[in-house]
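Asks:
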Amino acid sequence: MWTEENRARYARPTRRYESDLTDAEWAEIGPLIPPAKRGGNKRTVDIREVANGVMYILSAGCQWRALPKDLPPRSTVHDYLERWRSDGTLERMHHALYVKCREQTTRDASPTAAVIDAQSVKSAEKGGPRSIRTGMTRARRSRARSVMSWSIPRACFCIAS
Numbered sequence: 227m228w229t230e231e232n233r234a235r236y237a238r239p240t241r242r243y244e245s246d247l248t249d250a251e252w253a254e255i256g257p258l259i260p261p262a263k264r265g266g267n268k269r270t271v272d273i274r275e276v277a278n279g280v281m282y283i284l285s286a287g288c289q290w291r292a293l294p295k296d297l298p299p300r301s302t303v304h305d306y307l308e309r310w311r312s313d314g315t316l317e318r319m320h321h322a323l324y325v326k327c328r329e330q331t332t333r334d335a336s337p338t339a340a341v342i343d344a345q346s347v348k349s350a351e352k353g354g355p356r357s358i359r360t361g362m363t364r365a366r367r368s369r370a371r372s373v374m375s376w377s378i379p380r381a382c383f384c385i386a387s
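Just so we're aligned, residue 227 is where the sequence shown starts under my numbering, counting upward by one.
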């Protein structure tokens, strides 16, 4: 419920952007980010600013080249996002925040109930995988040349919610 206390807690008047992390938010996720690798150069980028850059891209839904100039370079932000995705840092962040949210609402850290969709049960009763033909058949492709180049890598944000 929006009370005066909640409004003050979630207000961000001192932040550059609405997506910038507050001190309390940074205190939650900062320790989950792995330190710089040993043996290499010292980390010269502010990791909190990198996290602010990631949050800006995710909240604004803009292109990478639209990242403001006062945040780290887009290549740096993108590299860290990919590194955190591949080494499991994003998953650890999500899990820690998920557990904390459940505990704040006085629930168990792990859910104890599940919901099964009736449509899923029906397909499983009829024979499972064989009844789901769309997952087993290959998509048809046109023999005409595609306008899109297959050599261009596609960016994908896989952040669980």
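We put the beta carbon where it would ideally sit given N, CA and C, even for glycine.
If you check the beta carbons only, do LEU247 and THR315 fall under 9 Å apart?
Replies: No.
Asks: So is GLU231 buried or exposed if we call it buried at 16+ other beta carbons inside 10 Å?
Replies: So GLU231 counts as exposed.
Asks: What are the boundary residues of the alpha helix (DSSP H) that includes LEU297?
Replies: Where LEU297 is concerned, there is no enclosing alpha helix (DSSP H), given that its DSSP letter is neither H nor E.
Asks: Can you give me the C-alpha to C-alpha distance between TRP252 and MET281, rounded to a whole angstrom?
Replies: Whole-angstrom Cα-Cα distance: 12 Å.
Asks: What residue range is occupied by the uninterrupted alpha helix (DSSP H) comprising GLN330?
Replies: Per DSSP, GLN330 belongs to the alpha helix (DSSP H) from 315-330.
Asks: Can you give the Cα-Cα distance for ARG241 and ALA335, rounded to whole angstroms?
Replies: Using only the alpha carbons, I get a separation of about 31 Å.
Asks: How many Å lie between LYS326 and MET319 at the Cα?
Replies: So the alpha carbons of these two residues sit roughly 11 Å apart.
Asks: Please report the straight-line C-alpha distance between GLN345 and ALA339, rounded to a whole angstrom.
Replies: About 19 Å.
Asks: I'd like the list of long-range same chain contacts for ILE255, defined as Cβ closer than 8 Å, with 5 residues on each side in sequence excluded.
Replies: Closer than 8 Å at the Cβ level, and outside the excluded window around ILE255, lie LEU247, ALA277, MET319, ALA322, LEU323.
Asks: As a quick exercise: from ALA292, GLY279, ILE342, ASP343, pick the residue whose alpha carbon is nearest that of SER245.
Replies: Looking at the Cα atoms, GLY279 is the closest of the given residues.
Asks: Going by Cα to Cα distance, which pick from PRO260, CYS288, ARG233, TYR243 is closest to SER312?
Replies: Of the candidates PRO260, CYS288, ARG233, TYR243, the one whose C-alpha sits nearest the C-alpha of SER312 is PRO260.
Asks: On the criterion of 16 or more Cβ atoms from any shown chain inside 10 Å, does PRO337 qualify as buried, or is it exposed?
Replies: Exposed.
Asks: Contact check, ARG309 vs ARG300 under 8 Å by CB: the rounded distance?
Replies: That belief does not hold up - the Cβ atoms of ARG309 and ARG300 are roughly 15 Å apart, past 8 Å.
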